[in-house]
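Step one of this worksheet: look at the structure below.
2 protein chains.
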Amino acid sequence: MDLDAVRTFVAAADAGRFQEAAAELAITQQAVSKRVAALERDLGVRLFTRTARGARLSIDGQAFLPHARELLRVAERAEASVRPGRRPLRVDVIASRGAASGLMRAFHRAHPEIELDVVWLFDIEKAVTAIRSGAVDASFRAVAAPGRPLPEDIASVRVLDEPLQLLTGPGHALAGARSVPLARLAGHRIWMPGVVPGTEWAAYYDDLVAEFGLTIEATGPNFGSDALLDTVADTPALATFMGGRTRLVWPAGHDLRRIPVTDPTPVYPHSLLWHRDNPHPALDVLRAHLAAASAGHDSAGTWTPGWVTPR
Amino acid sequence: MDLDAVRTFVAAADAGRFQEAAAELAITQQAVSKRVAALERDLGVRLFTRTARGARLSIDGQAFLPHARELLRVAERAEASVRPGRRPLRVDVIASRGAASGLMRAFHRAHPEIELDVVWLFDIEKAVTAIRSGAVDASFRAVAAPGRPLPEDIASVRVLDEPLQLLTGPGHALAGARSVPLARLAGHRIWMPGVVPGTEWAAYYDDLVAEFGLTIEATGPNFGSDALLDTVADTPALATFMGGRTRLVWPAGHDLRRIPVTDPTPVYPHSLLWHRDNPHPALDVLRAHLAAASAGHDSAGTWTPGWVTPR
DNA sequence: GCGGACCACAACCACCGGTTGTGGCACTAG
DNA sequence: CTAGTGCCACAACCGGTGGTTGTGGTCCGC
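Chains as they are written, first to last, in the UniProt record's numbering: chain A, 1 to 311; chain B, 1 to 311.
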C-alpha cells in the first residue's frame, strides 16, 4: 500500500471525479486512474464504481475512506514529529515507567491539545547537550551530578521527590515488615541491574551505599523489569529498590512486597531541565503545570545526596 | 514518505543493526541502508547514529519511532477494513448525524473492542442488496417500504422510534409554541431538501402529507444541514422536520427552536436489518446491545405509516 | 444522433529501488 | 601492532514501477 495512492484515493473520493483529483494533485487523469487501480489491486477490492459522470465510492470504498484519512493524518503527524520548528514538545524522561513518565502522563491528560514526544537520553550529560542543541526541549533529571554544576544557559526546577521503596519476594527476611529503617538494610544484598554505570542514577546509589553502608550489586546484564521482578520474587536473598511512584506491570502469580524505607527515606530528586532561550510555547505550559502539581512537598525525614541542588 | 521505508526503519530500530533487519525483511543490508537513507532525506533529519557495532536511534529517531509504529498500525487497520473475512463489522446508517448514528456511537462506547465501519447506502433496496451480498453486515432502515416486503433471508427488528420535531426560526408563526398538534401544521410550508425521492424517507413523508394534509416541499438542491439551518433560521415562512435525537451542529448566533409535535407524534421507525446467515460474531453482540437498549418503548399517541411493520 | 465529459487501455520512457561487489571504519583477539 | 571480524556506505548495474501522451469506449444531455 502506497501513501501516494491513498492520498489520490482520498482526493478522488472528495472530488467525485478522477479528472478533478488529477488537477488538484497536478498529475494527469491517467495517473490517477492507475494509482487507484494499483490500490484496488493491492487491497483486492473495488473502491469506486466508475460511471460516465465520475466515480462514486463503492461500499468497500466508503469503509476504507475514514481509515485512509486517518492514515494520512498519522503520516502528517509523524512528519511533524521531526520537522524543525513547530514540532511537538520533546521531553526526555529517565525511564519509561518511572515517576517522570507519570508526571508527563498527567500533563498530557491536563493538556491533550499539546503534542508530545517522549525520548530517553543516556545520562545528564547527554541531556544537557541535547537541550543546548535544541534537539530536546526539556529533561527530567537529578541535578546536578557531583562536581558538575549546570551550565549557565540551562535552567532547572525541582518537580518531584520520589521516595524509594524496597521490593522483595515473599521469602525475604524483611518481607513481613510494614516499613524498614534504612540502617537495617546494611548487610542485605540489594540488586540493581538496571542502573547503568556513569549515569546520575549510579552516582545516586554510590552515595547511598557510601553513607549507609549498603551492599548494592549492579552487576549482570539487564534483562528488563519483567526478568528483574521474576528473579526478586523467586530469590529470598535478593531485594531491589524501586521508585514509590513507578508503575509496574505486576507479574501474575508472584507475591511481591513494596516496603517503605524510613529514617531517613531516600528520595530521588526529579528536576526539570530546559534551555533558557528555548522559544517553544508548550514549554511554559509544562513548567506552569509542574509548578502547580509539585507545590507543598515536605522534605523532612528524607535523604538525598549532598551534591543535589537544595529545593 | 514510503510505508516500506517506515517498516524498514522500525525493523532496524528494533534490531539495532541493519543486517538483522535486512534478514527479517528478506532483502539485502544495502537495501535497508538505502531505504533508511531515503527516509532520512525525505524527513530532513538523521534517524540513526551509525557505529561499527550497529545503528542506534538518534534523538529524532526516538521521537519518530512511536509515530512510525502508529502509522503501521493504522495502515494495517486500513487494510483490514476491506479484507474479506474477519473484517470489522460494517453497518449502514441512514444519516451521519441521525438517531441511528447515535445508537452506533453508544454501541461503540459499550464495546470499544469491536471494530466498526460505518457506511451510507442510498435506500432500503440498495441496503438489502448489500446485506444479501455480504458487503455490509447490518443496516438501520424503516421497514418495509410500501408494497415491498423484506426477502425471507433478511431479518429485522425495530430498535428505535424517533419522534419528529418541528424546527423553526424565531420569526415563524409557531416559534413560541411549547408544542404543536400535527393538525395545526396544515397550510404551513415545511421544507425538506434533504429527502431524496425514491428512498423510504420520501415514502414516509409522502404518507405523512397524505394523511394530515401537510405541505412539504422537497424541492431544491440539498446544500447540507448548515445551509438548511441557516435558511430556516432566517425565513419566517419556513420550517422543517428533524429527528428528535438528531445531533445538530448548532449554528452560532442563530435562534432556532425545536418544537415537539403531538396528537399524534410522528415517529420514524428505525429497524436493524441483517442477513440470517451472516456469521460475523460482532453482529450478535450488536443485536443483543440494541435489544437491551430499546426495551420499554411506548407507542401510544404516535404515528407511523401503515406499511411499517408493527412492533 | 451527435458532442461532451469521463474513465480505461496502450505505448513509451525516465527514474526509483533492488541486486552484487567493494571499501572504510571500529572494535577485538592474538 | 596486526590480522580478523562485523558493521554500514558507496558504486555500478538493471529490471520494473509509475509517470507521460495518445486513443478508444461508454454514458448522458441537448
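Cβ coordinates follow ideal geometry from the N, Cα and C atoms, glycine included.
Asked: Alpha carbon of Gly301/B to alpha carbon of Leu182/B, nearest angstrom; Found: 11 Å
Asked: Of the listed residues Val232/A, Asn278/A and Arg258/A, nearest to Gln165/A (C-alpha basis); Found: Arg258/A
Asked: Gly169/A to Val93/A span [Cα, whole Å]; Found: 28 Å
Asked: Same chain, Cβ closer than 6 Å to Pro163/A, five either side skipped, listed in chain order; Found: Gly244, Thr265 and Val267
Asked: Residues within the stretch 67-80 of chain A neighbouring chain B, beta-carbon criterion of under 8 Å; Found: His67, Ala68, Glu70, Leu71, Val74, Ala75, Arg77, Ala78 and Glu79
Asked: Phe64/A: contacting residues in chain B (beta-carbon distance under 8 Å); Found: Ala78, Ser81 and Val82
Asked: Burial state of Arg73/A (16 or more Cβ within 10 Å); Found: exposed
Asked: Cβ of Ala135/B within 7 Å of any chain A Cβ; Found: yes
Asked: Outcome for Phe122/A when other beta-carbon atoms lying within 10 angstroms are tallied against a minimum of 16; Found: exposed
Asked: Residues within the stretch 96-109 of chain B neighbouring chain A, beta-carbon criterion of under 8 Å; Found: none
Asked: Bridge-paired residues (DSSP) for Thr265/B; Found: Thr302/B
Asked: Minimum C-alpha distance to Ala239/B - residue among Thr215/B, Ser299/B and Val36/B; Found: Thr215/B
Asked: Neighbour list for Leu3/B in chain A, Cβ cutoff strictly below 8 Å; Found: Met1, Asp2 and Leu3
Asked: Cutoff 7 Å: Ile124/B Cβ touching any chain A Cβ; Found: no
Asked: Buried versus exposed, by CB contacts within 10 Å (16 or more), Thr246/B; Found: buried
Asked: C-alpha distance - Arg130/A paired with Ala12/A, whole-angstrom precision; Found: Reading off the sequence shown, one finds Ala at residue 130/A, where the question assumed Arg. Roughly 44 Å separates the two Cα atoms.
Asked: Spatially closest choice to Asp161/B from Leu103/B, Lys126/B, Arg189/B and Ile114/B, by CA coordinates; Found: Leu103/B
Asked: Inside the UniProt domain "HTH lysR-type" (1-58) of chain B only - beta strand (DSSP E) runs reaching at least 3 residues; Found: 48-51 and 54-57
Asked: Short CB-CB distance (under 7 Å) between Leu43/A and chain B; Found: yes
Asked: Chain-ordered neighbours of Ala138/A on chain B, where CB pairs are closer than 7 Å; Found: Residues of chain B passing the Cβ test: none, with the nearest at roughly 13 Å.
Asked: Extent of the continuous beta strand (DSSP E) to which Met242/A belongs; Found: Leu238 to Gly243
Asked: Whole-angstrom C-beta distance between Leu25/B and Thr8/B, which should lie under 8 Å; Found: 6 Å
Asked: Helix, strand or coil at Val232/B [DSSP, three-state]; Found: helix
Asked: Whole-angstrom C-beta distance between Ser81/A and Phe18/B, which should lie under 8 Å; Found: 22 Å between Cβ atoms; not a contact.
Asked: Residues near Arg46/B in its chain [Cβ-Cβ closer than 7 Å; skip 5 each side]; Found: Glu40, Ser58 and Asp60
Asked: Alpha-carbon spacing of Ala15/B relative to Leu89/A, whole angstroms; Found: 27 Å
Asked: CA nearest to the CA of Gly98/A, picked from Ala173/A, Arg189/A, Ala237/A and Phe241/A; Found: Phe241/A
Asked: Cβ contact (3+ pairs, closer than 8 Å) linking the stretch 108-117 of chain A and the stretch 274-289 of chain A; Found: yes
Asked: Per-residue DSSP class, three states only, for Ser271/B; Found: strand
Asked: Val128/B versus Ser101/B: straight-line alpha-carbon distance, rounded; Found: 19 Å
Asked: Burial state of Arg141/B (16 or more Cβ within 10 Å); Found: buried
Asked: Beta carbon of Ala75/A nearer than 7 Å to that of Leu3/A; Found: yes
Asked: Near-chain A residues of the stretch 34-61 of chain B - C-beta to any C-beta below 7 Å; Found: Leu43, Val45, Ile59 and Asp60
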